[in-house]
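What follows is a short report on a single structure.
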Amino acid sequence: MIITEIKENVGYISLNDSSKLNALSAEMDDQIVACLKDFEEKKIRAVVLKASPNRHNVWSSGHDVNELPVGHRDPLGYFDHLEVLLHAIKRFPAPVIAQVHGSVWGGACDLIMCCDMVIADSTATFAMTPTKLGLPYNASGIGHFLNRLHLNNVREMFFTAQPVDAETAEKWGIVNHLTTEEELEGTVEQIIAAILNNSPMAIAIIKEQIRVLVDARPLSPDGFERIQGLRRKVYDSYDYAEGIQSFKEKRKPVFRGE
Ligand code: YXS
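The structure is reproduced here in structure tokens:
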């Protein structure tokens, strides 16, 4: 599912499941989480998350749709394997840098948003797809986008589910640096070289402070319960079942708004 490597205190993780275009299956999520635990024990100073090239030029096709519950169960609960992976990335005590070549879809977009930095080349696109499946994204996931992008751009990504091209992604702030395909690796290595010059303890603490500060959103109990109730309405809906079914049948969904 993944290829891992350690070179001079830097850990490299390559998504490597070309059969489903690096879909973030539970197995792949768990392997990345286990690798991060190993990297932490080895006091790795930076992690690069990238994808092995595939014929479809897809970095990751997002959550494995075949593993999504077909209704009547929260599809993105706190302990869903993908959510556990996102927590692990946010809490890893060193910078996690996404190196992106190719298209990024759905839950993989959220994964990118949880990385500390994103370096992408001109082939990169980013699509946020829950509405394509009639799926109620979760509050923490939407928060990852709100922490990074202007509100109007967050709405455009979620409401259109259209891929955002590399140049727009840089303009919107999804990407730290946009490079040519040839410059991608070199640019990532330059960022890492600068990181390795600095105190790993100070970096780890400042990363955790940033996480605590950006995740600190006041939410009333009524607000929490309203969000959960609205999400249940969606994952219990005809539209969600139709979204999943249409993907599996490789046809365009016909939504009813109920
Ligand atoms: O038909 P076979 O068996 O060869 O399998 C096909 C696809 O079914 C499979 N595949 C996936 N399997 C599980 N989960 C996926 N996310 C997924 N994506 C693809 O990979 C094989 C090759 O795909 P194919 O023939 O469509 O390749 P293509 O080059 O024509 O198109 C590549 C994509 C990525 C444009 C296309 O596969 C696609 O649109 N995939 C779905 C992207 C997407 O909507 N992902 C979001 C998943 S749901 C999620 O992440 C969150 C829950 S949410 O939606 O809330 O964000």
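Heads up, the sequence shown is in the numbering used here, so the first residue is 1282 and it goes up one at a time.
Glycine included, C-beta positions come from ideal geometry on N, C-alpha and C.
In this structure, the C-beta of Gly-1383 stays at least 7 angstroms away from each heavy atom of the ligand YXS.
A direct Cα-Cα distance of roughly 5 angstroms separates Asn-1297 from Ile-1283. Residue pairing from DSSP places Gly-1292 in a beta bridge opposite Ile-1287, Val-1328. Contact annotation: the region 1474-1485 touches the region 1322-1333, with at least three C-beta pairs closer than 8 angstroms. About 6 angstroms separates the Cβ atoms of Asn-1335 and Leu-1302, confirming a contact at the 8 angstroms cut-off. Inter-residue distance for His-1382 and Tyr-1293 is about 15 angstroms (C-alpha atoms, whole angstroms).
Cα atoms of Glu-1348 and Thr-1406: separation of roughly 24 angstroms, rounded to the nearest angstrom.
Under a 10 Å Cβ-count criterion, His-1425 is classified as buried, with 16 or more other Cβ atoms of the shown protein chains found around its own Cβ. In summary, Thr-1410 is buried, with 16 or more beta-carbon neighbours lying within 10 Å of its beta-carbon over all protein chains present. Within the region 1348-1417, the runs of alpha helix (DSSP H) at least 4 residues long that lie entirely inside it are, in chain order, 1362-1372, 1388-1395, 1411-1414. With 16 or more other Cβ atoms from the protein chains shown falling within 10 Å of its own Cβ, Tyr-1418 counts as buried. No Cβ-Cβ contact shorter than 8 angstroms links Gly-1388 with Gly-1352. The C-alpha of Glu-1448 lies about 15 angstroms from the C-alpha of Glu-1464.
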